[in-house]
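Worksheet: the structure to be examined is printed underneath.
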Amino acid sequence: MKPESLRSDLLLLLASLIWGTAFVAQRIGMQNVTPFFFNGIRFLLGALVLIPIIFCRKNNLGGKRDGFLLGNPFQWQFVVLGLLLFGGASLQQVGIVFTTAGKAGFITGLYVILVPVIGILFRRKTRATTWLGAVFGATGLYFLSIKKGFSIHKGDFLVLVGAFFWTFHVLAIDRFTKEIPPLQLAFWQFILCGLFSLAFAFTFEHTTVQALMKATIPIFYAGLLSVGIAYTLQVVAQEHAHPSHAAIILSLESPFSAVAGYIVLNETLTGREILGAALMAGGMIISQAFAFRNERG
Numbered sequence: 001m002k003p004e005s006l007r008s009d010l011l012l013l014l015a016s017l018i019w020g021t022a023f024v025a026q027r028i029g030m031q032n033v034t035p036f037f038f039n040g041i042r043f044l045l046g047a048l049v050l051i052p053i054i055f056c057r058k059n060n061l062g063g064k065r066d067g068f069l070l071g072n073p074f075q076w077q078f079v080v081l082g083l084l085l086f087g088g089a090s091l092q093q094v095g096i097v098f099t100t101a102g103k104a105g106f107i108t109g110l111y112v113i114l115v116p117v118i119g120i121l122f123r124r125k126t127r128a129t130t131w132l133g134a135v136f137g138a139t140g141l142y143f144l145s146i147k148k149g150f151s152i153h154k155g156d157f158l159v160l161v162g163a164f165f166w167t168f169h170v171l172a173i174d175r176f177t178k179e180i181p182p183l184q185l186a187f188w189q190f191i192l193c194g195l196f197s198l199a200f201a202f203t204f205e206h207t208t209v210q211a212l213m214k215a216t217i218p219i220f221y222a223g224l225l226s227v228g229i230a231y232t233l234q235v236v237a238q239e240h241a242h243p244s245h246a247a248i249i250l251s252l253e254s255p256f257s258a259v260a261g262y263i264v265l266n267e268t269l270t271g272r273e274i275l276g277a278a279l280m281a282g283g284m285i286i287s288q289a290f291a292f293r294n295e296r297g
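Using this note's numbering, the first residue of the sequence shown is number 1, and each one after it goes up by one.
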């Protein structure tokens, strides 16, 4: 393995670890603050982390600095990404109040399968392995979340709907990064998502300063590390990693969330739920493994 490839794999692994453990921070944060306040602050913090990075990196357009002042913050691409990010993050944050960190991690990870499936709507070819992965994922979701009588836990349902927002968010990023520098996109989507979240927070929620102070550590972890640092690691790593290979490593976010939930929150999965989680993880890997083999070939 080439040194740059090993470095990329390690950076992607670290990003998936941060994102997986962030589900625990999100759960702990909900013990003191409300969902929209939590998201509003953490996404604005994440945007702050990107400011020095944006000024230091050059984009691919004539060597100009990828400064965040380039472009209109209400440019339609930024607004679309901000709304999709707001939808996915809000549903996940509200849903995680009613489910475990581990289950939320596995359900959110379904976007790895959903992206190529929904990509059909945009005339993208979908491999047979993707459909096989989707079958594994759907079966796993049944064992993980569906109760007797074919009812689904409230929290699991909200996180599942959020996974569709994440899916369209990934597809939108894939298109927009061909037109706009990635870090500039990231900065403005974080800013807009944070502002949308705070607008909902001040309209529908009530949180005291004391409550915010108690949630300082979870908010900083989710904002500075999960939003700011992990995204940057992904951007840097994917300069030397195949997309499908990166997706496989990033899907480790799901088992990391389950392990972190067990260690920190004493969350456990039943035998049925473990089977479901294993099937979902298998589906994520199957849906991407064939593409990785083709890319290497």
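A virtual CB, placed ideally from N, CA and C, is assigned to each residue, including glycine.
Note that this is a predicted model, so its numbers are computed, not measured.
Measuring only the C-alpha atoms, how far is residue i from residue j?
i	j	result
I51	T270	44 Å
L233	F143	33 Å
W19	S257	8 Å
T21	L6	23 Å
G276	G119	25 Å
V117	V209	44 Å
D66	A186	Note on D66: pLDDT 47, under 50, position unreliable in the model; the coordinate value appears next. Rounded to the nearest angstrom, the two C-alpha atoms are 12 Å apart.
F23	G105	7 Å
L252	M213	31 Å
F202	N39	12 Å
G62	P181	Low confidence applies to G62: its pLDDT is 44, below 50, so where it sits in the model is not reliable, and the reading given next is rough at best. Between G62 and P181, the C-alpha separation is close to 12 Å.
S145	C56	44 Å
M284	R27	24 Å
V170	I263	30 Å
Under three-state DSSP, which class holds residue i?
i	result
K178	coil
G74	First, the amino acid is wrong: residue 74 is Phe here, not Gly. Coil, per DSSP.
E205	coil
T232	helix
L224	helix
N266	coil
S251	coil
Q31	coil
V97	coil
L158	helix
R7	helix
L14	helix
K125	coil
G109	coil
In terms of DSSP beta bridges, what is residue i paired with?
i	result
I152	I146
Find the nearest neighbour of residue i within the set the options, judged by alpha-carbon distance.
i	options	result
F86	I96, F74, F36	F36
V80	R175, L141, L279, A163	R175
A315	I180, V112, A138, T167	Here the chain comprises residues numbered 1 to 297, so residue 315 is not present and cannot be evaluated.
Q93	S145, A222, T203, I263	A222
S16	I263, V264, I249, M280	I249
T167	L183, A260, I54, L114	L114
F78	G46, L198, E179, G102	E179
S90	F190, T100, S197, G102	S197
Is residue i near the ligand SAM - that is, is its Cβ less than 7 Å away from at least one heavy atom of it?
i	result
T216	This structure simply doesn't include the ligand SAM, nor any ligand for that matter.
Given 8 Å, three or more beta-carbon pairs between the region 218 to 237 and the region 18 to 32 | yes
Please determine if the region 122 to 130 and the region 42 to 51 are in contact, where contact requires at least 3 C-beta pairs separated by less than 8 Å.
-> no
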